[in-house]
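So the sequences go chain by chain: A and B.
Going by my numbering, the first sequence opens with residue 96, and the numbers climb by one from there.
Going by my numbering, the second sequence opens with residue 10, and the numbers climb by one from there.
Here's the structure we're looking at; comments come further down.
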Amino acid sequence: MKTLTGAQIIMAVLKEEGVDTIFGYPGGVVIDIFDELARTDIKHILVRHEQGAAHAADGYARAKGGVGVCLVTSGPGATNTVSGLASAYMDSIPIVVLTGQVPTKLIGNDAFQEVDIVGITRPCTKHNYLVKRTEDLVRVLKEAFHIARSGRPGPVLVDLPKDVTQGKARYDPLPEPRMASYNPTYKPHVRQLQRAIDLIRQAEKPVIFSGGGVILSGATKELTLFARALKAPVTASLMGLGSFPGTDPQWLGMLGMHGTYRANMAIGACDLLIGIGVRFDDRVTGKVEAFAPHAKIIHIDIDPTSISKNIPVTVPIVGDCKTALSQLNRLLKEQKVKFTQKNRKPWFEQIEKWKKTKPLRYDQQDTIKPQYVVEKLYEMTKGKAIITTEVGQNQMWAAQYYHFERPNCFITSGGLGCMGFGLPAAIGAQVACPDRLVVDIAGDGSIQMNIQELATAVQYRLPVKVVILNNRYLGMVRQWQQLFYERRYAATDMQYAPDFSKLAEAYGALGLKATKPEEVVPTLKQGLESPGPAIMDFWVDREECVYPMVPAGAALTEMLLV
Amino acid sequence: MKKHTISLLVDNEPGVLSRVVGLFSGRGFNIESLCVAETLDPSTSRITLVTLGDDAIAEQIKKQLNKLINVIKLYDLTGTEFVNREMALIKVRAQSEHRAEILRIVDIFRCKVVDVGPDHYTIEVTGTADKLAAILGLLKPMGVKEIARTGAIALSREGRHKKSQGGGPNS
Numbered sequence: 096m097k098t099l100t101g102a103q104i105i106m107a108v109l110k111e112e113g114v115d116t117i118f119g120y121p122g123g124v125v126i127d128i129f130d131e132l133a134r135t136d137i138k139h140i141l142v143r144h145e146q147g148a149a150h151a152a153d154g155y156a157r158a159k160g161g162v163g164v165c166l167v168t169s170g171p172g173a174t175n176t177v178s179g180l181a182s183a184y185m186d187s188i189p190i191v192v193l194t195g196q197v198p199t200k201l202i203g204n205d206a207f208q209e210v211d212i213v214g215i216t217r218p219c220t221k222h223n224y225l226v227k228r229t230e231d232l233v234r235v236l237k238e239a240f241h242i243a244r245s246g247r248p249g250p251v252l253v254d255l256p257k258d259v260t261q262g263k264a265r266y267d268p269l270p271e272p273r274m275a276s277y278n279p280t281y282k283p284h285v286r287q288l289q290r291a292i293d294l295i296r297q298a299e300k301p302v303i304f305s306g307g308g309v310i311l312s313g314a315t316k317e318l319t320l321f322a323r324a325l326k327a328p329v330t331a332s333l334m335g336l337g338s339f340p341g342t343d344p345q346w347l348g349m350l351g352m353h354g355t356y357r358a359n360m361a362i363g364a365c366d367l368l369i370g371i372g373v374r375f376d377d378r379v380t381g382k383v384e385a386f387a388p389h390a391k392i393i394h395i396d397i398d399p400t401s402i403s404k405n406i407p408v409t410v411p412i413v414g415d416c417k418t419a420l421s422q423l424n425r426l427l428k429e430q431k432v433k434f435t436q437k438n439r440k441p442w443f444e445q446i447e448k449w450k451k452t453k454p455l456r457y458d459q460q461d462t463i464k465p466q467y468v469v470e471k472l473y474e475m476t477k478g479k480a481i482i483t484t485e486v487g488q489n490q491m492w493a494a495q496y497y498h499f500e501r502p503n504c505f506i507t508s509g510g511l512g513c514m515g516f517g518l519p520a521a522i523g524a525q526v527a528c529p530d531r532l533v534v535d536i537a538g539d540g541s542i543q544m545n546i547q548e549l550a551t552a553v554q555y556r557l558p559v560k561v562v563i564l565n566n567r568y569l570g571m572v573r574q575w576q577q578l579f580y581e582r583r584y585a586a587t588d589m590q591y592a593p594d595f596s597k598l599a600e601a602y603g604a605l606g607l608k609a610t611k612p613e614e615v616v617p618t619l620k621q622g623l624e625s626p627g628p629a630i631m632d633f634w635v636d637r638e639e640c641v642y643p644m645v646p647a648g649a650a651l652t653e654m655l656l657v
Numbered sequence: 010m011k012k013h014t015i016s017l018l019v020d021n022e023p024g025v026l027s028r029v030v031g032l033f034s035g036r037g038f039n040i041e042s043l044c045v046a047e048t049l050d051p052s053t054s055r056i057t058l059v060t061l062g063d064d065a066i067a068e069q070i071k072k073q074l075n076k077l078i079n080v081i082k083l084y085d086l087t088g089t090e091f092v093n094r095e096m097a098l099i100k101v102r103a104q105s106e107h108r109a110e111i112l113r114i115v116d117i118f119r120c121k122v123v124d125v126g127p128d129h130y131t132i133e134v135t136g137t138a139d140k141l142a143a144i145l146g147l148l149k150p151m152g153v154k155e156i157a158r159t160g161a162i163a164l165s166r167e168g169r170h171k172k173s174q175g176g177g178p179n180s
């Protein structure tokens, strides 16, 4: 048993938790922590803005499948992480954010760089703490990591007053915490599983709908087995891309507002919908009353609040996706519930018809089409890159034209839709997976929200690639203005932007620019093959829209098509 | 729309009430009334809250409350046998012609006069919301100067609670 300072205790717990990287930014009240951090072998990535630190921790957590950690100072340092926390909260990503705080004696006095960050972040964290005594540090930090990674994962913030990190206390390593008031349900209810099997047995036109929960629980293998057993088509939410192979014959493509025609039509026609690790967000359901109108619904999720929140379900199954799916697979086998290709023939013929009549498509002209850039990127990387995105049209084209084969390869701010996410998330993913190719698919608007992180990439020699689909508009809003506001492009014209290729060079990265279709492939080749970070600026068709599109509030089957 | 009386055992820590209340305001749920105090175990508090909503909303409220890390247990008393009390202090104008009448009402409702002045009585009344409404209805014509009242507090009748349905453990 040793007596350590608070800062030393923090490092000891981080080591216990297996933390190897922290994304951070120093400030007055966290000098003690940074001082100790520098004495450990934990890598510190100095970002250029605290929002970048939070998103980088998010990207790191997703690529690695672990917890991301972020360390910032009090006041503005803490408030700058709020968007990152909110994004991680919506997407259920486990990150632990350590914020400095003014000394306990000064709390409430409007001290310099004081802010009630625990109050501010209460609604956008899974849980948060203000540590008031050095003695509590070990317990609180252990609980923070435990809460972040268990159950439905999420961000946890720990606020650390300066005197708590300077004070001394005995350090005793604690076992994994057991909390009376926090006990997620992993094991699904056997009777509900049986009810699900009974529905599956009768279904003629089933659809499996997979979400981020499948990736978070590491259930992709079980999902594939399940889909094979049912011989059912599979669709996914934006967060679920990669949970099922994107080139599989059973794959329908993404569901929802910019989902494929066949996926949305299949939801309209199916008689059984099996939602796994999803939360039936409004971008997926469209008009709730018209969602899967002929279907019984089975919903598997670890968070009971997700079930019957937006869509009433027939069979609710609260539990871990992986556990639930392996038990369902076992029950199907035991009870000899089998389906043949022949059983499903009419259903797949119908799907094929939808696929043929309205495939994803665009017209190649003499300007660069953004879809073409993503398609070429997919081909040249053989679908093996980790793709992060910004938010808007770039995000949707990435989702539509990059066919994800594996989980943890598509990193996007799904629920919050946080512009500026992609570059710092790519940095986090690159730190987690140094040997992978990491590409941020960006728009010219959102890349400018955290472009300063290019300096971080250059400093740490992180070879992230940024593909900018540059239409000199805030494209997604412009698309809505074109379609629903009679082309009144209020505040969406963004012609005043820097030359991104020159900007990249100013940061010490490689900068490339392409304005013609024939330049796309050579530019991608040069950028992807270069050893360091690179920005590839593609000047694309200014008024290209993302199709299909389900207008807000319309039914999924009421799509606008090209 | 139905009234739901929910009893919560929570960690007795700073910020816990704020998490509960913030959840209601953030998600647009209703709070009709709310009472909080420490239990026999100083590390836990009991929150009794009354909320309004249809069954789906009540279900969602319970699940969301259960999901809060600091909520140890949740009981939905609605539809079960439970004892339910509110308390009010009513300062009523007491002119000489009304003094006897007020005291009769106090007697009938088994209330207490806890403060007397030359032209007022302060009455302490406990009971259900209906009883409080009834006595207020009678006292109003005399002139109620001020009123302070608590929300409902409630306990199940059988010494064991019916566990909330579908509230489920948190995640």
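Beta carbons: idealized from backbone N, C-alpha and C, even for Gly.
From a predicted model like this one, the values you see are computed outputs, not experimental measurements.
- prompt: When you compare only the Cα positions, how much space is there between residue 90 (chain B) and residue 31 (chain B)?
  reply: Mapped onto the second sequence, residue 90 (chain B) falls at position 81. Mapped onto the second sequence, residue 31 (chain B) falls at position 22. Answer to the nearest angstrom: the Cα atoms are 29 angstroms apart.
- prompt: If you draw a straight line from the alpha carbon of residue 656 (chain A) to that of residue 191 (chain A), how long is it in whole angstroms?
  reply: By one-based count along the first sequence, residue 656 (chain A) stands at place 561. By one-based count along the first sequence, residue 191 (chain A) stands at place 96. Going by the C-alpha atoms only, they are around 42 angstroms apart.
query: If you compare alpha carbons, which of B:15, B:16, B:41, B:56 is closest to residue 27 (chain B)?
result: As a first step, residue 27 (chain B) must be located in the second sequence, where it is residue number 18. It is B:56 whose Cα lies nearest to the Cα of residue 27 (chain B).
message: By DSSP's criteria, residue 346 (chain A) is part of a beta bridge. Which residues make up the other side?
response: As a position in the first sequence, residue 346 (chain A) is number 251, starting the count at 1. Answer is A:329, bridged to residue 346 (chain A).
task: Residues of the region 236 to 253 of chain A with a CB closer than 7 angstroms to any CB of chain B: list them in chain order, please.
output: 242, 246, 247
- prompt: Excluding five sequence neighbours on each side, which residues of the same chain lie with their C-beta closer than 7 angstroms to the C-beta of residue 173 (chain B)?
  reply: Locating residue 173 (chain B) in the second sequence gives position 164, counting from the first residue. The pLDDT assigned to residue 173 (chain B) is 45, lower than 50, so where the model puts this residue is not dependable; a value taken from the coordinates is nonetheless given after this. Excluding sequence neighbours, residue 173 (chain B) sits near 71, 83, 84, 85.
- prompt: Bridge partners of residue 155 (chain B), per DSSP?
  reply: As a position in the second sequence, residue 155 (chain B) is number 146, starting the count at 1. Paired residues: B:100.
- prompt: What are the boundary residues of the alpha helix (DSSP H) that includes residue 308 (chain A)?
  reply: Taking the first residue of the first sequence as 1, we reach residue 308 (chain A) at position 213. Element bounds for residue 308 (chain A): 307 to 311.
message: Under 8 angstroms, Cβ to Cβ, is there at least one residue of chain B near residue 112 (chain A)?
response: The residue given as residue 112 (chain A) occupies position 17 in the first sequence. No - not a single Cβ of chain B is within 8 angstroms of the one on residue 112 (chain A).
- prompt: Can you find at least 3 beta carbon pairs, one from the region 557 to 573 of chain A and one from the region 585 to 593 of chain A, that sit closer than 8 angstroms?
  reply: yes
field: Exposed unless 16 or more other CB atoms sit within 10 angstroms - verdict on residue 142 (chain B)
entry: Here residue 142 (chain B) corresponds to residue number 133 of the second sequence, with the count starting at 1. By the 10 Å Cβ count, residue 142 (chain B) comes out exposed.
- request: Have a look at residue 104 (chain A) and residue 48 (chain B) and give me their C-alpha separation to the nearest angstrom.
  value: Position 9 of the first sequence, counted from the start, is the residue given in the question as residue 104 (chain A). Position 39 of the second sequence, counted from the start, is the residue given in the question as residue 48 (chain B). Between residue 104 (chain A) and residue 48 (chain B), the C-alpha separation is close to 34 angstroms.
query: Roughly how many angstroms separate the alpha carbons of residue 179 (chain B) and residue 524 (chain A), rounded to a whole number?
result: The count along the second sequence starts at 1 and reaches residue 179 (chain B) at position 170. The count along the first sequence starts at 1 and reaches residue 524 (chain A) at position 429. Only weak support exists for where residue 179 (chain B) lies, its pLDDT of 43 falling under 50; the value from the coordinates is given anyway. Rounded to whole angstroms, residue 179 (chain B) to residue 524 (chain A) spans 30 angstroms at the Cα level.
field: Chain-ordered residues of the region 73 to 87 of chain B with a beta carbon less than 9 angstroms from chain A
entry: 73, 75, 76, 77, 78, 79, 80, 81, 82
- prompt: With a cut-off of 8 angstroms, does the C-beta of residue 217 (chain A) fall near any C-beta of chain B?
  reply: For the purposes of this step, residue 217 (chain A) is taken as the residue at position 122 of the first sequence. True, the Cβ-Cβ gap to chain B drops below 8 angstroms.
- prompt: Is it true that the CB of residue 326 (chain A) sits closer than 8 angstroms to the CB of residue 405 (chain A)?
  reply: Counted from its first residue, the first sequence places residue 405 (chain A) at position 310. Counted from its first residue, the first sequence places residue 326 (chain A) at position 231. No, the Cβ-Cβ distance between residue 405 (chain A) and residue 326 (chain A) is not below 8 angstroms.
message: Just checking: is the beta-carbon of residue 104 (chain B) within a distance shorter than 8 angstroms of some beta-carbon in chain A?
response: Taking the first residue of the second sequence as 1, we reach residue 104 (chain B) at position 95. Output row for residue 104 (chain B): interface = no.
Where the beta strand (DSSP E) containing residue 100 (chain A) begins and where it ends: Taking the first sequence and counting its residues from 1, one reaches residue 100 (chain A) at position 5. Note, residue 100 (chain A): beta strand (DSSP E), 97 to 100.
task: From the DSSP output, in three-state form, read off residue 519 (chain A) for me.
output: If you number the first sequence from 1, residue 519 (chain A) lands on position 424. Correct three-state label for residue 519 (chain A): helix.
task: Could you have a look at residue 202 (chain A) and say whether DSSP puts it in helix, strand or coil?
output: As a working note, residue 202 (chain A) is residue 107 in the first sequence. The answer is coil: DSSP assigns residue 202 (chain A) none of H, G, I, E or B.
task: Could you list the residues in the region 11 to 45 of chain B with a C-beta less than 7 angstroms from some C-beta on chain A, going in chain order?
output: Within the region 11 to 45 of chain B, the qualifying residues are 20, 24, 27, 28, 31, 35.
- prompt: If you draw a straight line from the C-alpha of residue 491 (chain A) to the C-alpha of residue 610 (chain A), how long is it?
  reply: On the first sequence, residue 491 (chain A) is found 396 positions in, with the first residue counted as 1. On the first sequence, residue 610 (chain A) is found 515 positions in, with the first residue counted as 1. So the alpha carbons of these two residues sit roughly 21 angstroms apart.
task: Could you tell me if residue 127 (chain A) is buried or exposed, where buried requires 16 or more neighbouring beta carbons within 10 angstroms of its beta carbon?
output: Translated into positions along the first sequence, residue 127 (chain A) becomes position 32. The residue is buried, with at least 16 neighbouring Cβ atoms inside 10 Å.
query: Whose CA, out of B:149, B:92, B:133, lies closest to the CA of residue 125 (chain B)?
result: For the purposes of this step, residue 125 (chain B) is taken as the residue at position 116 of the second sequence. Residue 125 (chain B) has its Cα closest to that of B:133, out of B:149, B:92, B:133.
- prompt: What do you reckon, are the CB atoms on residue 121 (chain A) and residue 162 (chain A) nearer than 8 angstroms?
  reply: Taking the first sequence and counting its residues from 1, the one referred to as residue 121 (chain A) is at position 26. Taking the first sequence and counting its residues from 1, the one referred to as residue 162 (chain A) is at position 67. Against a cut-off of 8 angstroms, the Cβ pair of residue 162 (chain A) and residue 121 (chain A) comes out as no contact.
Cβ-based burial, residue 147 (chain A) [other Cβ within 10 Å; buried from 16]: Indexing the first sequence from 1 puts residue 147 (chain A) at position 52. So residue 147 (chain A) counts as buried.
query: For residue 640 (chain A), which residues from the same chain have a beta carbon less than 6 angstroms from its beta carbon, with the 5 sequence-adjacent residues on both sides left out?
result: Locating residue 640 (chain A) in the first sequence gives position 545, counting from the first residue. 574, listed in sequence order.
- request: Could you please tell me which residues of the region 269 to 280 of chain A, in chain order, have their CB closer than 8 angstroms to any CB of chain B?
  value: 274, 275, 276, 277, 278, 279, 280
Enclosing beta strand (DSSP E) for residue 133 (chain B) [first to last residue]: On the second sequence, residue 133 (chain B) is found 124 positions in, with the first residue counted as 1. For residue 133 (chain B), the uninterrupted beta strand (DSSP E) run begins and ends at 129 to 136, by DSSP.
- prompt: How far does the alpha helix (DSSP H) with residue 75 (chain B) in it reach, from first residue to last?
  reply: Within the second sequence, residue 75 (chain B) is the residue found at index 66, counting from 1. First-last of the alpha helix (DSSP H) with residue 75 (chain B): 64 to 76.
- prompt: For residue 369 (chain A), which option in A:409, A:376, A:382 has the closest C-alpha, if you only look at C-alpha atoms?
  reply: If you number the first sequence from 1, residue 369 (chain A) lands on position 274. Of A:409, A:376, A:382, the residue nearest in Cα terms is A:409.
task: Classify residue 130 (chain A) as helix, strand or coil using the three-state DSSP reduction.
output: In the first sequence, counting from the first residue as 1, residue 130 (chain A) sits at position 35. In the structure shown, residue 130 (chain A) sits in a helix (DSSP, three-state: H, G or I).
Inter-residue spacing [alpha-carbon to alpha-carbon] between residue 247 (chain A) and residue 274 (chain A): Start at 1 with the first residue of the first sequence, and residue 247 (chain A) comes out as number 152. Start at 1 with the first residue of the first sequence, and residue 274 (chain A) comes out as number 179. Rounded to whole angstroms, residue 247 (chain A) and residue 274 (chain A) show a C-alpha spacing of 16 angstroms.
message: Counting only beta-carbon separations shorter than 8 angstroms, does residue 177 (chain B) have a partner in chain A?
response: In the second sequence, counting from the first residue as 1, residue 177 (chain B) sits at position 168. Bear in mind that a pLDDT of 43 at residue 177 (chain B), under 50, signals an unreliable position, so the model cannot answer this.
message: At the level of alpha carbons, what is the spacing between residue 309 (chain A) and residue 643 (chain A)?
response: As a working mapping, residue 309 (chain A) is identified with position 214 in the first sequence. As a working mapping, residue 643 (chain A) is identified with position 548 in the first sequence. Cα to Cα, the separation comes out at about 26 angstroms.
Contact residues within the region 612 to 639 of chain A, judged by C-beta distance below 8 angstroms to chain B: none
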